[in-house]
Every structure is written in C-alpha cells, then in structure tokens.
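Participant: Numbering (my numbering), first residue to last: 16 to 195. Even glycine gets a Cβ: it sits at the ideal position worked out from N, Cα and C. Note that the coordinates shown come from a computational prediction; the quantities given were computed from them, not determined experimentally.
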C-alpha cells in the first residue's frame, strides 16, 4: 500500500474488517433464522437446505442454463434454412362488366439453403460455445463452494459462540460461589 499513510491503511483495514463482520453477521443471522437452533440440525442437513434454497445458487444455475443455449445456437450454422413466403390477394370485381376474372390470385415461394462453407464461422462459434459452457460450469462450482463455505463458517461460528456463552455462564456461577 505504497502512498497511503498509517491512518489510511488502518481505515482501509477497519473497513475491510467491518465489511467481513457485517457479511458474517448477515450469513449467521440468516442461518439462525432459517434453521432455528443449530443443534436441532446436523451440518449435512444445513448444507442440503442451503443448496436447495440459496438464491445466489438459483441465479448461478439460471446463468448456466442461458450459457448452455449457446451450443444449439452455434450448431445452427450447420443446419439448412427454409424460408416460405406466400401471398393471397383478392381482386375487386367491376359490377358493370360481366366478365369474371380470377378473383383470388395466390402465390407461394419456398427457398431452402444449406451452407457448405461459411469461412469457419460455425466451427469457431461451436468451439467458443463449448469453452463458454465449460467456463460457466466452473463459475457454478465456485458459487456452490462459496455458499457451502459461508454456511459452514456461520454454522461453526454459532457453535463456537454457544460454547463461549456456556463457559462464561459457568464462570459467572463460579464467581458467584466465590463471592459468597
């Protein structure tokens, strides 16, 4: 941290610490609210619940589904294209003339095209889609690991804090006995 004074470094450090404490408190509070007493559920149950109900994982899964759609789009460059176009028109008939003309002219055009060579665009798009899908899967794994880490950290923090509370209560009892 070159160029920062000692006070600025301390402030940055305190901000980072305060941010970490706030995040930990939020996760711990959400674990306590969502799961009730920690002793009522085992760690695997808590992890399973977090995996199923964590909004951040839902977002990561939705992003991966969107990324997975890149492959069919890339492969569409190999497929034929069919274009159909039709016209239907009605001619107004003149009441003064007795001749009957074709009053419903129709036309239909169908065009089929199969790309044979697109300058390696389809090959490149397929490779790119494959790599983006693989990267998206890794991002999903990172999101899952982050959620699991946060849940385990909050779970263990609650266990630690409950044990500290139990020890302090015992200490109060001992100090009251000593005072008597």
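1. Do the CB positions of residue 130 and residue 82 come within less than 9 Å of each other?
2. Would you list the residues sitting across from residue 99 in a DSSP beta bridge?
3. Taking three-plus beta-carbon pairs below 8 Å as touching, is the region 84-104 in contact with the region 155-175?
4. Compare the C-alpha of residue 104 against each of 88, 121, 89 and 148 and name the closest.
5. How big is the Cα-Cα spacing for residue 64 and residue 86?
6. How many whole angstroms separate the CB atoms of residue 98 and residue 142, which I take to be in contact at a CB cut-off of 8 Å?
7. Taking the alpha helix (DSSP H) that residue 60 falls in, what are its first and last residues?
8. Starting from residue 132, follow the alpha helix (DSSP H) in both directions and report where the run begins and ends.
9. With burial defined as no fewer than 16 other Cβ atoms inside 10 Å of the residue's Cβ, what is the status of residue 77: buried or exposed?
10. Give the secondary structure of residue 88 by DSSP, where H, G and I count as helix, E and B as strand, and everything else as coil.
11. Roughly how many angstroms lie between the CA atoms of residue 75 and residue 155, to the nearest whole one?
12. Three-state secondary structure (DSSP) at residue 154?
13. Count the other CB atoms, across all protein chains shown, that sit within 10 Å of the CB of residue 69; report buried if there are 16 or more and exposed otherwise.
14. Considering only C-alpha positions, which residue in the set 158, 190 and 166 is nearest to residue 71?
15. Hey, residue 58 and residue 170 are a contact pair by Cβ (cut 8 Å); roughly how many whole angstroms apart?
16. Decide if residue 150 is buried, meaning its Cβ has at least 16 other Cβ atoms within 10 Å, or exposed.
Facilitator: Taking the structure as given:
1. no
2. 125
3. no
4. 121
5. 32 Å
6. About 28 Å separates the two Cβ atoms, so there is no contact after all.
7. 58-68
8. Per DSSP, residue 132 belongs to no alpha helix (DSSP H) and is neither H nor E.
9. exposed
10. helix
11. 6 Å
12. helix
13. Flag for residue 69 reads buried.
14. Closest by alpha carbon: 158.
15. The pair is a contact, with the Cβ atoms about 6 Å apart (cut-off 8 Å).
16. exposed
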